[in-house]
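I have placed the structure first, in the form of structure tokens, so that the comments after it can refer back to it.
In the working numbering, the protein residues as written are 1 to 277.
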């Protein structure tokens with residue numbers, strides 16, 4: 001395995017394993033490049049008292065993000081010469097609070113900023129929401145439009161788990177979705193990402209979940225390439241030590257099948273590549 005650039009430590013409230021434990025496992029696996037990218041949800045950036053409406057999910061993320069970054073920078077020194085450890089963050093719902101997002105994107109200590117969307121306005125995270133309680137087609141359209149808005153408005157490096165909602169809609173609730181209905185918006189997302197030098201992530205977490213597939217699937221990895229996408233990266237989205245690196249071999253195979261010869265990672269917010277295969 002060459003790299004795993006989407007992982008979480010205990011600074012993410014839904015994860016376990018210290019930064020040091022995760023880094024030690026990455027070195028044990030022989031990863032050339034490893035990034036810790038703990039959650040920072042912009043719509044839950046401060047503590048609960050700061051918000052009129054309380055949503056389920058993570059709070060105090062500004063504090064957690066700062067703690068994560070400090071721990072990664074300390075571990076970087078310890079891992080020097082053993083593994084290339086990158087300081088990252090998964091920036092969620094950046095379009096919901098541009099000022100909060102700017103606090104993170106303006107921090108030059110980050111190597112990589114992952115852009116992700118876990119929910120849409122006026123809905124909670126898809127992981128908490130039963131599809132019986134909302135219009136799935138409308139929600140998915142809103143989701144992809146919000147991702148496109150993120151691409152236009154926010155400074156980030158990697159487009160994470162593009163088809164995130166189907167992890168729950170299809171994987172947990174068994175409701176079949178036709179993502180191709182949103183291909184026009186997805187093409188807009190990919191063209192914007194390609195023009196701005198961003199990487200598309202093949203997120204392998206679905207392979208070990210009920211969904212059973214990557215986010216996104218091979219069709220969209222190929223489409224990104226066809227639309228001028230230069231950078232592809234891989235992330236296990238591990239939330240514990242045992243899941244680190246899982247499925248990365250599959251992601252590498254998918255990337256090669258789509259025509260990519262190199263995988264990408266970001267160091268000091270600049271893209272670098274490693275040959276695949």
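Glycine residues also receive a C-beta, built at the ideal position from the N, C-alpha and C atoms.
Do you know how far the Cα of residue j is from the Cα of residue i?
i           : j           : result
residue 237 : residue 34  : 12 Å
residue 145 : residue 72  : 33 Å
residue 96  : residue 64  : 19 Å
residue 187 : residue 194 : 10 Å
residue 117 : residue 74  : 29 Å
residue 247 : residue 133 : 32 Å
residue 205 : residue 4   : 12 Å
residue 26  : residue 80  : 13 Å
residue 90  : residue 265 : 14 Å
residue 24  : residue 216 : 29 Å
residue 243 : residue 180 : 30 Å
residue 41  : residue 178 : 28 Å
residue 315 : residue 55  : Nothing can be reported for residue 315: it is not among the residues displayed for the chain, which extend from 1 to 277.
residue 106 : residue 210 : 37 Å
residue 111 : residue 263 : 16 Å
residue 172 : residue 119 : 16 Å
residue 17  : residue 83  : 18 Å
residue 277 : residue 250 : 12 Å
residue 154 : residue 114 : 11 Å
residue 259 : residue 51  : 46 Å
residue 149 : residue 184 : 14 Å
residue 123 : residue 12  : 21 Å
residue 162 : residue 78  : 34 Å
residue 7   : residue 66  : 16 Å
residue 32  : residue 20  : 16 Å
residue 68  : residue 109 : 12 Å
Name the DSSP beta bridge partners of residue i, please?
i           : result
residue 231 : 199
residue 215 : 203
residue 135 : None; residue 135 has no bridge partner.
residue 86  : 35
residue 140 : Residue 140 pairs with nothing; no bridge assigned.
Let me check understanding here. Comparing Cα to Cα, which of the options lies closest to residue i?
i           : options               : result
residue 1   : 252, 98 and 269       : 252
residue 136 : 174, 102 and 247      : 174
residue 228 : 192, 143, 77 and 179  : 192
residue 76  : 195, 240, 176 and 22  : 22
residue 279 : 232, 184 and 210      : Residue numbering for the chain in the displayed model covers 1 to 277; residue 279 lies beyond these limits and cannot be assessed.
residue 138 : 154, 127 and 121      : 121
residue 203 : 160, 263, 219 and 30  : 160
residue 225 : 189, 42, 85 and 66    : 189
residue 44  : 114, 100, 17 and 258  : 100
residue 267 : 86, 8, 230 and 66     : 86
residue 147 : 106, 170, 128 and 92  : 92
residue 28  : 245, 182 and 200      : 245
residue 128 : 47, 200 and 165       : 165
residue 200 : 240, 20, 176 and 254  : 254
residue 221 : 207, 30, 273 and 256  : 256
residue 9   : 239, 98, 69 and 108   : 239
residue 270 : 223, 208, 158 and 169 : 158
residue 212 : 39, 170 and 30        : 170
Under the three-state reduction of DSSP, which class applies to residue i: helix, strand or coil?
i           : result
residue 31  : coil
residue 128 : helix
residue 25  : helix
residue 162 : coil
residue 255 : helix
residue 176 : coil
residue 120 : coil
residue 67  : helix
residue 248 : helix
residue 104 : helix
residue 98  : helix
residue 261 : coil
residue 276 : coil
residue 267 : strand
residue 151 : helix
Just mark residue i as buried or exposed, buried being the case when its beta carbon has 16 or more other beta carbons within 10 Å.
i           : result
residue 14  : exposed
residue 152 : exposed
residue 167 : buried
residue 126 : buried
residue 104 : buried
residue 143 : buried
residue 156 : buried
residue 88  : buried
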